[in-house]
Amino acid sequence: MNPATYLEHLNPEQLAAVTLGRQSALILAGAGSGKTRVLTTRIAHLIQTGQVSPGGVLAVTFTNKAAKEMLTRISSLLPINPRGMWVGTFHGLCNRLLRAHHREANLPQLFQILDAQDQLSTIKRLMKLLNIDDEKFPPKQVMYFINNAKEQGLRANDVDAPDDMTQRYRDIYLAYEQQCQREGTVDFAELLLRSFELLSRNEPLRQHYQARFKFILVDEFQDTSRFQYEWLKQIAGKENAVFAVGDDDQSIYAFRGAHAGNMQTFVREFAVEKIIKLEQNYRSQGNILDAANVLIGHNSERLGKNLWTAEGAGEPIRLYAADSDFDEAQFIVEEIRALIKDGVAASQIALLYRSNAQSRVLEHALFSASVPYRVYGGLRFFERQEVKHALAYLRLIANPEDDTALLRVINFPTRGIGARSIEQLQEAAREQGISLWQAACMKGGKDSTKGVPAFVLLIESMRHETTGMDLAEQVEHLLQASGLVAHYQASKTEADRVENLEELINAANAFLKEYDGERTEEMPDTLTAFLTHAALEAGDNQAQSGQDAVQLMTVHAAKGLEFHSVFISGLEEGLCPHENSLFEQDGLEEERRLMYVAITRARRRLYLSFAQSRMLHGQLRYGVPSRFLQEIPEKLLKPINAPQSQAAASSAWEEPRTLGSTGIAPGSPSAETETGQTFRIGQNVLHAKFGPGVIVHCHGRGVNAEVEVNFRQSGMKRLALQYAKLNPA
DNA sequence: GTACTCGTCATTTTT
DNA sequence: TGACGAGTAC
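If you want my numbering, it's the position in the first sequence, counting the first as 1, plus 327.
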């Protein structure tokens, strides 16, 4: 394509970002401001104008989906083979690096990648072996400890252990480290750490890559963790230009290590001169953007940005106050039907919520009204147990030393190898410092038609019979030979899993088509490549795709997407913002960003709703409208109703309304104690006896001050502040 | 080994 | 409320 053509439709800021020379820059790209376009156009432009060859480009994204999208869009701009470019997730790129330099990284070339499940089961197994009480040391905590250490760049021996407890954790970490090394397995955090160490310890290698990647681009920079940032520094060196694109207002993954503060650090450490703000929004209409802008304005830790649109104000934001979660769902379904009737595609309607538990009522209502819908979340394809079983057989073919895989299938389908035999194997393996597979092979002997010897034979014959087959044939053969298909077919309750096994053959075929022609020096083995693919991208996590259906998902899952119409439901204190977040550092601001992300998903129509009562954990809870609703200017909102039920009339709703017509409870109906301590509706409190709860109703002052509190455990209580030991949470 | 019961737990999640 | 894991009984 002619450069003039693809540069033509960019706005001035986008153009400046795209055509920036070789210098580090921070692009603050607001929601819907065309950041992917900027990224891909820049890469195309750099190559087109000869500033760099494809091999000199490194682009990092957070999801495989984003990486794929980027490659597709670059290919549509440029007639080049994008293969020379390194575009991928942090983990994908680390994998590539480690495969290419496995010797230097002290790994077998065919190392296997453990997903979170595998990692946890490895830890559990190890702890059992070491006789560690899993009550005192919950395996999940151990996993968290290990990953946390790795995220700080620490090996087991580097971890500070001031007390016995930590020391014990460290011991397990050490054992885990050794176990992985023995098995040739690598977890997600290890991919990062290992490749970081590879680069930092191997100067020639580091220089090689630093010389190669002249232009480094990072997408969703606000989501980088501290360690990922260090990793970037390592590969970028001092000379190279890092082009970081991100939006601090959309940082919603702090809970899993994202550190938006990297943006400021980056500006400082990379001597960034150019900070370009992309503020023109091409997605939402004015009212929606105004609401988003005002809301996010309540956050203090911001780099500062204001979205605007060339389009008109559009429709007002609709606000619905529901009596109950049931009523809320009912309302949403009615509106959805009306929208669909007006010609909006069902797939252009999204139903967003803070936590997955909220989807149930909504699903139920949609189902009853026979509105087609699709729920995102839940198990992903490669995480399903039947698929993991099948993959375990594949893994054993590729590498029999893989204890995790062996344990997974040594007795699945059942073949008479009980817990005792397995313990014996583990015992033998530990004593002699060998793998379970080796121990199993030695246990040969008398009757090779049963038990462990039969299993050894089975795996070996599988390996022989599959040599020479292509990947899909191998998968198909293993499914049969292992007895997996027969097992599931025979099952009454799990027969549907056979479909997924068949789907695995399709996945193998699809994988072959996509990757086999492009075998690289880093990845000569198709089987390992496929297993890596399975671990690194677990596949879709949406149920039944296809079909035009309403989309249900958490706000987190909606990031990066857009819809004609968006419903944000459950806007109650305790849910959104989530009560747990209030205890966290920067928690409330992150919740507000979440709300910001949710709002900016909508193109034309936005519905906000809350319910005064909601079934949660089997208990009826009375909620108070989210403070975020009060932060949105009233003039942008159009109340659909005022609450009318008896329940509503007798509860918090009777308090004077400062916001009048919107039906939003005021921010300050409060009760004050003699000592001057005040409590207000919606506030989270802690009671000495009843534990945590939310204030639902306040009345009186001084010695007469009373509050009604909905306690998490014990439900509604009316307390006289004079006596109750109530503290703000 | 499997089917059942009981107890526990309950944001958000990609790689 | 309901999903899941561990433990128990056959």
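Built from N, CA and C at the ideal position, the CB exists for glycine as well.
Since we're looking at a predicted model, the values are computed, not measured.
**Request:** Compute the beta-carbon to beta-carbon distance between Tyr647 and Ser936, rounded to the nearest angstrom, for a pair I have assumed lies under 8 angstroms.
**Result:** By one-based count along the first sequence, residue 647 stands at place 320. By one-based count along the first sequence, residue 936 stands at place 609. Yes, they are in contact, since the Cβ atoms of Tyr647 and Ser936 sit about 4 angstroms apart, within 8 angstroms.
**Prompt:** Name the DSSP beta bridge partners of Gln505, please?
**Reply:** Within the first sequence, residue 505 is the residue found at index 178, counting from 1. Answer by DSSP bridge pairing: none, since Gln505 is not bridged.
**Prompt:** Measuring CA to CA, which of Pro904, Gln612, Phe570 and Lys565 is closest to Val893?
**Reply:** Along the first sequence, one-based indexing puts residue 893 at 566. Closest option to Val893, Cα to Cα, is Gln612.
**Prompt:** According to DSSP, is Lys668 helix, strand or coil?
**Reply:** Here the question's residue 668 lines up with position 341 in the first sequence. Residue state, collapsed to three classes: helix.
**Message:** In the DSSP assignment, the beta strand (DSSP E) including Asp650 goes from what residue to what residue?
**Reply:** Counting from one through the first sequence, the residue named residue 650 turns up at place 323. Annotation for Asp650: the continuous beta strand (DSSP E) segment containing it runs Ile644 to Ser651.
**Request:** Using the Cα positions of Asp757 and Met492, report the straight-line distance between them to the nearest angstrom.
**Result:** Counted from its first residue, the first sequence places residue 757 at position 430. Counted from its first residue, the first sequence places residue 492 at position 165. Note that residue 757 is Arg in the sequence shown, not Asp. Arg757 and Met492 have their C-alpha atoms some 25 angstroms from each other.
**Of the residues Gly359, Phe523 and Phe708, the one placed nearest Glu888, counting alpha carbons only** = The count along the first sequence starts at 1 and reaches residue 888 at position 561. According to the sequence provided, residue 888 is Leu. The question's Glu does not apply to it. Selected option, being the one with the closest Cα: Gly359.
**Burial state of Leu1048, where buried means 16 or more other Cβ atoms lie within 10 Å** = On the first sequence, residue 1048 is found 721 positions in, with the first residue counted as 1. Result: buried.
**Prompt:** If you draw a straight line from the C-alpha of Ala476 to the C-alpha of Asp797, how long is it?
**Reply:** Within the first sequence, residue 476 is the residue found at index 149, counting from 1. Within the first sequence, residue 797 is the residue found at index 470, counting from 1. Answer to the nearest angstrom: the Cα atoms are 40 angstroms apart.
**Request:** Whole angstroms is fine: what's the gap from Ala649's alpha carbon to Trp635's?
**Result:** Indexing the first sequence from 1 puts residue 649 at position 322. Indexing the first sequence from 1 puts residue 635 at position 308. Cα to Cα, Ala649 sits roughly 32 angstroms from Trp635.
**Message:** Once DSSP output is grouped into helix, strand and coil, what is the label at Arg482?
**Reply:** The count along the first sequence starts at 1 and reaches residue 482 at position 155. The answer is coil: DSSP assigns Arg482 none of H, G, I, E or B.
**Prompt:** In terms of DSSP beta bridges, what is Met942 paired with?
**Reply:** Residue 942 sits at position 615 when you count from the first residue of the first sequence. For Met942, which the question treats as bridged, DSSP gives the partners Leu947.
**Item:** the region 615-633 touching the region 853-865, judged by at least three CB pairs closer than 8 angstroms
**Value:** no
**Asked** Can you give the Cα-Cα distance for Glu596 and Thr927, rounded to whole angstroms?
**Response** What you label residue 596 is simply residue 269 of the first sequence in a count that begins at 1. What you label residue 927 is simply residue 600 of the first sequence in a count that begins at 1. C-alpha separation (whole angstroms): 31 angstroms.
**Message:** From the DSSP secondary-structure annotation, give me the bridge partner or partners of Ser892.
**Reply:** The residue labelled residue 892 in the question sits at position 565 within the first sequence. Ile676 and Arg932, per the DSSP bridge assignment.
**Request:** For Leu453, I'd like the list of residues in its chain whose CB is within less than 8 angstroms of its CB, leaving aside the five on either flank, ordered along the chain.
**Result:** Residue mapping note: residue 453 aligns to position 126 of the first sequence, counting from 1. Closer than 8 angstroms at Cβ, skipping near neighbours: Ile499, Ala502, Tyr503 and Gln506.
**Prompt:** So who's on the other strand from Arg701, going by DSSP bridges?
**Reply:** Locating residue 701 in the first sequence gives position 374, where the first residue counts as 1. Its beta-bridge partners are Gln878.
**Item:** Which listed residue (Tyr815, Ile737, Gly704 and Asn433) has its alpha carbon closest to that of Val779
**Value:** The residue labelled residue 779 in the question sits at position 452 within the first sequence. Among Tyr815, Ile737, Gly704 and Asn433, the Cα nearest to that of Val779 is on Ile737.
**Asked** Name the DSSP beta bridge partners of Glu899, please?
**Response** Within the first sequence, residue 899 is the residue found at index 572, counting from 1. Note: Glu899 sits in a beta bridge opposite Pro952.
**Prompt:** Among residues of its own chain, excluding the 5 on either side of His691, which ones have a beta-carbon nearer than 6 angstroms to its beta-carbon?
**Reply:** Translated into positions along the first sequence, residue 691 becomes position 364. No residues qualify anywhere along the chain.
**Message:** Short of 8 angstroms in beta carbon distance, which residues of its chain neighbour Ile450, apart from the five on each side in sequence? Order them along the chain.
**Reply:** Position 123 of the first sequence, counting from 1, holds the residue named residue 450. By the criterion of a C-beta distance shorter than 8 angstroms, Ile450 is surrounded in its chain by Pro466, Val469, Met470, Ile473, Ile499 and Tyr503, once the five residues flanking it on both sides are discounted.
**The alpha helix (DSSP H) enclosing Ile407, as first and last residue numbers** = Against the first sequence, residue 407 aligns to sequence position 80. Element bounds for Ile407: n/a, residue is neither H nor E.
**Item:** Cβ pair count under 8 angstroms reaching 3, the region 738-754 against the region 801-817
**Value:** The region 738-754 makes contact with the region 801-817, as at least three CB pairs between them are under 8 angstroms.
**Asked** Relative to the C-alpha of Thr512, which residue among Asp442, Ala344 and Leu481 is closest?
**Response** Counting from 1 along the first sequence, the entry for residue 512 is found at position 185. Thr512 has its Cα closest to that of Asp442, out of Asp442, Ala344 and Leu481.
**Message:** Contact between the region 380-400 and the region 597-611 is defined here as three or more beta-carbon pairs at a separation below 8 angstroms; is this criterion met?
**Reply:** no
**Request:** For the beta strand (DSSP E) containing Lys604, list its first residue and its last residue.
**Result:** Sequence index remark: in the first sequence, residue 604 carries index 277 (1-based). Its beta strand (DSSP E) spans residues Lys601 to Leu605.
**Message:** To the nearest angstrom, how far is the alpha carbon of Ser762 from that of Ala356?
**Reply:** Start at 1 with the first residue of the first sequence, and residue 762 comes out as number 435. Start at 1 with the first residue of the first sequence, and residue 356 comes out as number 29. Using only the alpha carbons, I get a separation of about 50 angstroms.
**Request:** Mind checking which residues open and close the beta strand (DSSP E) that includes Gly415?
**Result:** Mapped onto the first sequence, residue 415 falls at position 88. It spans Trp413 to Thr416 - the beta strand (DSSP E) in which Gly415 sits, taken as one unbroken run.
**Separation of Ser527 from Ser578, as counted between CA atoms** = For the purposes of this step, residue 578 is taken as the residue at position 251 of the first sequence. For the purposes of this step, residue 527 is taken as the residue at position 200 of the first sequence. Each residue's Cα considered, the two are about 29 angstroms apart.
**Prompt:** Looking at Phe910 and the ligand ATP, is the gap between the Cβ and the nearest heavy atom below 7 angstroms?
**Reply:** In terms of ligand content, the structure shown is empty, and the ligand ATP therefore cannot be addressed.
**Prompt:** Is the Cβ-Cβ distance between Phe593 and Ala568 less than 8 angstroms?
**Reply:** As a first step, residue 593 is located in the first sequence; it is residue number 266 there, counting from the start. As a first step, residue 568 is located in the first sequence; it is residue number 241 there, counting from the start. The answer is no: Cβ separation not under 8 angstroms.
**Message:** Taking the alpha helix (DSSP H) that Leu828 belongs to, which residues open and close that run?
**Reply:** Walking along the first sequence from the start, residue 828 turns up at place 501. Counting along the chain, the alpha helix (DSSP H) containing Leu828 begins and ends at Arg824 to Tyr842.
**Prompt:** Considering only C-alpha positions, which residue in the set His905, Ile659 and Lys965 is nearest to Val951?
**Reply:** Taking the first residue of the first sequence as 1, we reach residue 951 at position 624. Among His905, Ile659 and Lys965, the Cα nearest to that of Val951 belongs to His905.
**Asked** Mapping DSSP to helix, strand and coil, what is Ile543?
**Response** Position 216 of the first sequence, counted from the first residue, corresponds to residue 543. Residue state, collapsed to three classes: strand.
**Message:** Can you check which of these residues, Leu1053, Asp669, Ala1051 and Leu963, is closest to Val621 by C-alpha distance?
**Reply:** Counting from 1 along the first sequence, the entry for residue 621 is found at position 294. Comparing Cα-Cα distances from Val621 to each of Leu1053, Asp669, Ala1051 and Leu963, the minimum goes to Leu963.
**Asked** Any idea if Gln341 is buried or exposed, counting beta-carbon neighbours within 10 angstroms, 16 or more meaning buried?
**Response** Counted from its first residue, the first sequence places residue 341 at position 14. Buried, by the Cβ-count rule.
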